[in-house]
Amino acid sequence: MAEKTKNKVKIKPLNNFAMLIAISVFEAVLAFSSASASKEFSFLMIGVFALFIALQWAYTAIFYFAFHRRNFELEFIAFFLCSIGLCIIGSIEPKDALKQLIMIIAGMLIFITLVFLLGDTDLCMKLRMPVAIVAVLALAATLVLGKEINGAKNWIVLGSFTIQPSELVKAMFIFVGSATLEKIQTTKNLWAFLGFVVVCIGSLFVMRDFGTALIFFVGFLILAFMNSGDIRTVIYSVGAGLLGSALIIRFKPYVTARFSVYRHVWENYNESGYQQTRVLVGLASGGLLGLGIGAGNVRYLWASTTDLIFGVICEEFGYIFGILTVLCFVGIAVSALINSVAAKSTFYSIAAVAGAGMLLFQTALNIFGITDVLPLTGVTLPFISQGGSSMMSCWAILAFIKASDVRTYNMNGGAKK
Amino acid sequence: MKRIAKRGIFLWLICAAFIGGLVFLTVSLAVNSDKWVMKYYNTHVYSDGELVGAGTVYDRNGVVLAETKNGERQYSENKKVRLSTLHVIGDPKGFISTGVQSNYQAELTGYKLLYGVYNIKKYGKGNDMKLTIDSEICNVAYDALNGRKGTVGVMNYKTGEIICAVSSPSYDVNNIPSDINTSSKYEGAYINRLFSGMYTPGSTFKLVTAASAIENIADINEREWTCNKIYKVPSGGKIECNGNHGKQNFEEALANSCNVAFAQIAIELGEERLSQTVNELGLTKSVSIGKIKSSVGEFDIKDKSDEDIGWAGIGQFTTMLSPIALLRMTGAIANGGTAVNPYIVTSFATQAGEALNLDLNMQGEQLFEKTTADKLKSMMRNNVKSNYGDYNYKGLSLCAKSGTAQIDNIASHDTAWFIGFCDDEKIPYCFVVIIEHGGFGSSNAGPVANKVLQALVD
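Each protein sequence line maps, in turn, to chains A and B.
Under the working numbering, the first residue of the first sequence is numbered 2, with each subsequent residue one higher.
Under the working numbering, the first residue of the second sequence is numbered 2, with each subsequent residue one higher.
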């Protein structure tokens with residue numbers, strides 16, 4: 002044990018406010034670029050960014066001074082990613098940026114609440130059954146009331162709001178999975194969880210939300226492996242998954258069409274390869290340094306602020322910036338992995354690694370799907386793409402990673418030892 | 002806790018795979034970006050299928066041949082210039098594959114992976130391009146062809162600059178004829194005949210046979226041949242001549258363009274030596290005009306009868322050559338045996354006025370021995386003096402060889418050829434003129450060459 006203490010991971014606290022100033026300056030530049038992108042200078046965009054920057058300062062100040070937290074790296078990464086999304090969405094339609102900001106605020110509130118809730122592990126253990134039930138009910142409701150939008154029946158329309166319950170279930174899935182698998186080595190628990198997994202992934206298949214189903218599957222693999230450490234579990238699961246996918250490809254013409262164009266997008270540039278080819282042309286046109294905000298062509302494509310937003314980033318901010326942006330998700334994953342070693346409880350470790358894994362995998366499906374490195378599955382880019390359900394789900398997942406950081410629940414914030 | 006650390010390996014693997022994916026994407030982008038950016042649906046570069054991202058194309062005297070104005074590609078205001086330079090510039094839709102606009106897309110748009118199409122966005126167009134051609138000379142050549150199908154090529158044999166590259170039939174890009182794909186009038190209108198055409202060389206090939214003879218038959222200058230209109234090949238078959246030339250030496254035989262004499266020379270040289278000369282002269286290779294590649298000539302007499310070799314030696318049989326390859330060879334005769342590399346694009350300049358390095362390969366290739374080239378030159382000079390008439394080509398010090406290539410049994414279908422050069426330091430030009438269904442070579446293609454060269458002298 003002595004040796005372990007010596008090797009204990011030391012995380013040197015960054016100067017939080019210096020970081021925040023840097024982010025604010027970057028966001029101010031984005032605000033002006035975004036506001037100038039349309040024909041008339043958009044004061045709304047300046048307002049949206051001003052409010053967002055103020056919120057970031059308020060959040061950091063409150064938790065720094067009132068709660069003595071010293072670890073804000075994860076939030077800063079999320080702020081950075083959200084601001085890129087806001088900038089692009091607002092440069093196309095400023096009103097949408099305002100909506101997006103409201104969703105970011107909602108996401109941050111969920112994040113704050115969850116971080117507090119996760120501090121009480123006993124409460125979490127008690128909550129796992131009710132959460133599982135809510136998750137299953139949400140999926141069931143989607144199956145019954147769901148409306149088909151763009152080929153996937155995973156939307157519920159409530160008045161002027163459309164929500165995607167499957168996004169919110171993502172966070173519940175991690176919660177239930179980690180809480181169930183934490184202590185258990187009982188077969189009963191394992192079977193119960195497997196049942197839950199089958200229900201979740203099964204419903205997503207029925208909804209034809211293939212991308213999200215895959216993300217759940219990867220989340221499950223991480224959860225299973227984090228729990229048992231048994232490579233056989235993973236091999237069985239992958240085997241089952243591949244068999245299942247083969248059946249789906251065989252029987253669902255919609256999925257087959259998407260897979261058949263994979264690595265053949267240039268031959269189908271005006272049909273099934275339309276989006277991918279335009280994104281790749283955008284990447285090439287933007288070059289390494291980009292054309293400037295508003296100067297690209299990918300922005301005029303359908304779904305440019307959701308599925309294709311990585312293409313807009315690369316074309317307008319430059320490929321180098323695009324790569325640095327998605328490397329943020331690798332950063333989140335690495336921090337979750339480092340945290341998981343020192344976390345107070347295995348519940349935190351499992352949840353953090355599974356959450357970070359799902360975020361990173363979703364990022365991979367998104368950016369590699371639209372660039373034809375992987376088949377196109379139509380998932381969003383976490384924290385950046387337009388959409389409220391996705392935004393809230395991302396912040397919720399981030400809470401798991403935040404909770405795994407020992408500094409979060411240490412009143413001295415890890416600054417003083 | 003150590004257990005947990007190890008179990009995180011699954012996420013470590015995803016991280017590694019993710020970075021692997023980024024590397025793959027980056028490499029694909031680095032390798033393919035210039036191809037991707039030139040997709041015609043990239044509206045940064047194309048508008049309505051036209052390369053609006055290209056800069057201005059100038060001829061050697063600064064005349065604008067094509068430019069982008071207000072987001073539209075516009076060609077010369079002068080209709081004749083549009084017609085005579087069409088095949089060099091290329092059409093807006095890219096049907097003419099040898100046009101500079103399609104072969105130099107990347108340079109014309111100034112695309113670089115580092116800053117993408119930023120300069121096109123900034124200036125509204127890409128890099129400007131200067132050509133070696135002279136649009137006025139092209140107009141003269143186009144007029145001289147007078148609607149007949151064929152081509153006129155003129156090159157500076159010292160430098161390789163192509164001064165004139167006209168191909169007929171042409172069409173007006175501002176007013177594309179509706180029957181362009183159906184009317185026989187426009188047959189091959191999308192082909193630049195100088196670079197991509199393939200023709201039976203006829204008697205112009207006698208220069209090749211003569212070159213082979215000079216290098217392989219020691220006493221060729223002392224030999225004599227008797228022409229009685231028909232030569233009976235000892236191993237069977239016969240070669241017919243265009244005249245009854247009687248007794249002639251080597252020089253006279255070329256001036257008479259005597260089939261009987263040259264068929265005998267070819268048969269004596271044989272399959273191996275004649276083929277070797279054809280290959281050494283670069284006639285069976287593609288000629289590079291900068292980034293543009295010419296068609297590849299065909300010459301095959303392997304395991305053929307003496308009669309076939311005899312016909313091949315006078316430029317008939319199955320031989321098909323590219324006009325630019327023959328022009329390059331003619332230039333080498335004029336230039337003491339060294340063929341310069343033909344080129345058509347002089348320079349590019351960015352809109353900021355910065356010049357781009359084109360890396361032109363100025364290194365020529367020795368095609369002939371100096372003595373061989375000089376011998377051929379004096380024989381070609383003799384052709385003009387004794388046969389074509391120096392008075393027809395005043396002030397040009399012309400050295401030439403005509404050809405009348407038969408493509409079927411109808412005389413009016415013959416391809417008229419005239420190739421040669423001015424043996425004058427001040428007008429170092431070589432030329433090729435081809436007229437399809439043009440009839441007799443020297444009397445039909447010759448005057449076209451004269452008009453173009455006289456315009457160059459003025």
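We treat Cβ as the ideally placed atom computed from N, Cα and C, and that holds for glycine.
If you compare alpha carbons, which of the options is closest to residue i?
{"i": "A404(A)", "options": "L118(A), L21(A) and A32(A)", "result": "L118(A)"}
{"i": "L169(A)", "options": "K127(A), T181(A), I24(A) and W396(A)", "result": "W396(A)"}
{"i": "N252(B)", "options": "G9(B), Q317(B), S379(B) and A401(B)", "result": "Reading off the sequence, residue 252(B) comes out as Glu, not Asn. Nearest C-alpha to E252(B): S379(B)."}
{"i": "I24(A)", "options": "L82(A), K40(A) and I47(A)", "result": "L82(A)"}
{"i": "L255(B)", "options": "A17(B), N410(B) and N388(B)", "result": "N388(B)"}
{"i": "I293(B)", "options": "G311(B), F318(B), L195(B) and N257(B)", "result": "L195(B)"}
{"i": "V58(B)", "options": "M39(B), V82(B), D49(B) and T44(B)", "result": "V82(B)"}
{"i": "N128(B)", "options": "N257(B), K371(B), S348(B) and G390(B)", "result": "S348(B)"}
{"i": "W267(A)", "options": "Y42(B), I15(B), F11(B) and K230(B)", "result": "Y42(B)"}
{"i": "N257(B)", "options": "S171(B), Q75(B), Y116(B) and T227(B)", "result": "T227(B)"}
Distance, Cα to Cα, residue i vs residue j?
{"i": "G108(A)", "j": "M130(B)", "result": "55 Å"}
{"i": "S179(A)", "j": "L360(A)", "result": "16 Å"}
{"i": "G439(B)", "j": "D415(B)", "result": "6 Å"}
{"i": "L366(A)", "j": "V380(A)", "result": "7 Å"}
{"i": "D135(B)", "j": "E216(B)", "result": "37 Å"}
{"i": "K418(A)", "j": "W192(A)", "result": "Residue placement at K418(A) cannot be trusted, given a pLDDT of 38 that sits under 50; what the coordinates show is reported in the next sentence. Near 43 Å, if we compare the C-alpha coordinates of W192(A) and K418(A)."}
{"i": "T27(B)", "j": "V49(A)", "result": "34 Å"}
{"i": "Y270(A)", "j": "W37(B)", "result": "12 Å"}
{"i": "L222(A)", "j": "I63(A)", "result": "37 Å"}
{"i": "G203(A)", "j": "F197(A)", "result": "10 Å"}
{"i": "P383(A)", "j": "L99(A)", "result": "18 Å"}
{"i": "N155(A)", "j": "G240(A)", "result": "27 Å"}
{"i": "N411(A)", "j": "A141(A)", "result": "40 Å"}
{"i": "A374(B)", "j": "G365(B)", "result": "15 Å"}
{"i": "M20(A)", "j": "I105(A)", "result": "20 Å"}
{"i": "E355(B)", "j": "D35(B)", "result": "21 Å"}
{"i": "L338(A)", "j": "F226(A)", "result": "14 Å"}
{"i": "S341(A)", "j": "A352(A)", "result": "9 Å"}
{"i": "F362(A)", "j": "L289(A)", "result": "24 Å"}
{"i": "C315(A)", "j": "T306(A)", "result": "13 Å"}
{"i": "L128(A)", "j": "N228(A)", "result": "20 Å"}
{"i": "A446(B)", "j": "T133(B)", "result": "24 Å"}
{"i": "G297(A)", "j": "H265(A)", "result": "24 Å"}
Hey, would you say residue i sits closer than 8 Å to residue j, going by beta carbons?
{"i": "K138(B)", "j": "L457(B)", "result": "Strictly speaking, residue 138(B) in this sequence is Ile, with Lys absent from that position. Against a cut-off of 8 Å, the Cβ pair of L457(B) and I138(B) comes out as a contact."}
{"i": "N193(B)", "j": "A211(B)", "result": "no"}
{"i": "F318(A)", "j": "G291(A)", "result": "yes"}
{"i": "S286(A)", "j": "G86(A)", "result": "no"}
{"i": "S323(B)", "j": "T278(B)", "result": "no"}
{"i": "R300(A)", "j": "L377(A)", "result": "no"}
{"i": "Q249(B)", "j": "C242(B)", "result": "no"}
{"i": "L114(B)", "j": "A190(B)", "result": "no"}
{"i": "L399(A)", "j": "L75(A)", "result": "yes"}
{"i": "E299(B)", "j": "M321(B)", "result": "yes"}
{"i": "L275(B)", "j": "A267(B)", "result": "yes"}
{"i": "T160(B)", "j": "G316(B)", "result": "no"}
{"i": "L84(B)", "j": "D173(B)", "result": "yes"}
{"i": "S84(A)", "j": "L31(A)", "result": "yes"}
{"i": "D307(B)", "j": "T319(B)", "result": "no"}
{"i": "N17(A)", "j": "T61(A)", "result": "yes"}
{"i": "I15(B)", "j": "G358(A)", "result": "yes"}
For residue i, is the beta carbon positioned less than 7 Å from some heavy atom of the ligand SAM?
{"i": "I134(B)", "result": "For the structure depicted, the ligand SAM is absent and the ligand set is empty, with no information on it obtainable."}
Under 7 Å (Cβ pairs) to chain B, residues found in the stretch 351 to 379 of chain A: V354, A357, G358, L361, F362, A365, F369, T372 and V374
State whether the stretch 201 to 219 of chain A contacts the stretch 337 to 348 of chain A, with contact taken as three or more CB pairs (one from each stretch) at a distance under 8 Å. no
Can we say the stretch 389 to 408 of chain B touches the stretch 188 to 204 of chain B, given the rule of at least three CB pairs closer than 8 Å? yes
Below 7 Å between beta carbons is the criterion; list the residues of the stretch 282 to 316 of chain B that meet it against any residue of chain A, in chain order. none
Evaluate the contact criterion for the stretch 87 to 98 of chain A versus the stretch 30 to 47 of chain A: three or more CB pairs, one atom per stretch, below 8 Å. yes
Determine which residues of the stretch 281 to 292 of chain A have a Cβ less than 9 Å from any Cβ of chain B, and write them out in chain order. L281, V282, G283, L284, A285, S286, G287, G288, L289, L290, G291 and L292
Give, in chain order, every residue of the stretch 39 to 68 of chain B whose Cβ lies closer than 8 Å to some Cβ of chain A. K40, Y42, N43, T44, H45 and V46
Near-chain A residues of the stretch 116 to 149 of chain B (beta-carbon distance less than 8 Å), N- to C-terminal order: Y116, G117, V118, Y119 and K122
Cβ-based contacts, 8 Å cut-off: residues of the stretch 11 to 26 of chain B near chain A: F11, L12, W13, I15, C16, A18, F19, I20, G22, L23, F25 and L26
Of all the residues that make up the stretch 87 to 111 of chain B, which are near chain A by a beta-carbon distance shorter than 8 Å? none
Could you please tell me which residues of the stretch 317 to 335 of chain A, in chain order, have their CB closer than 9 Å to any CB of chain B? G319, Y320, I324, V327, L328, F330, V331, A334 and V335
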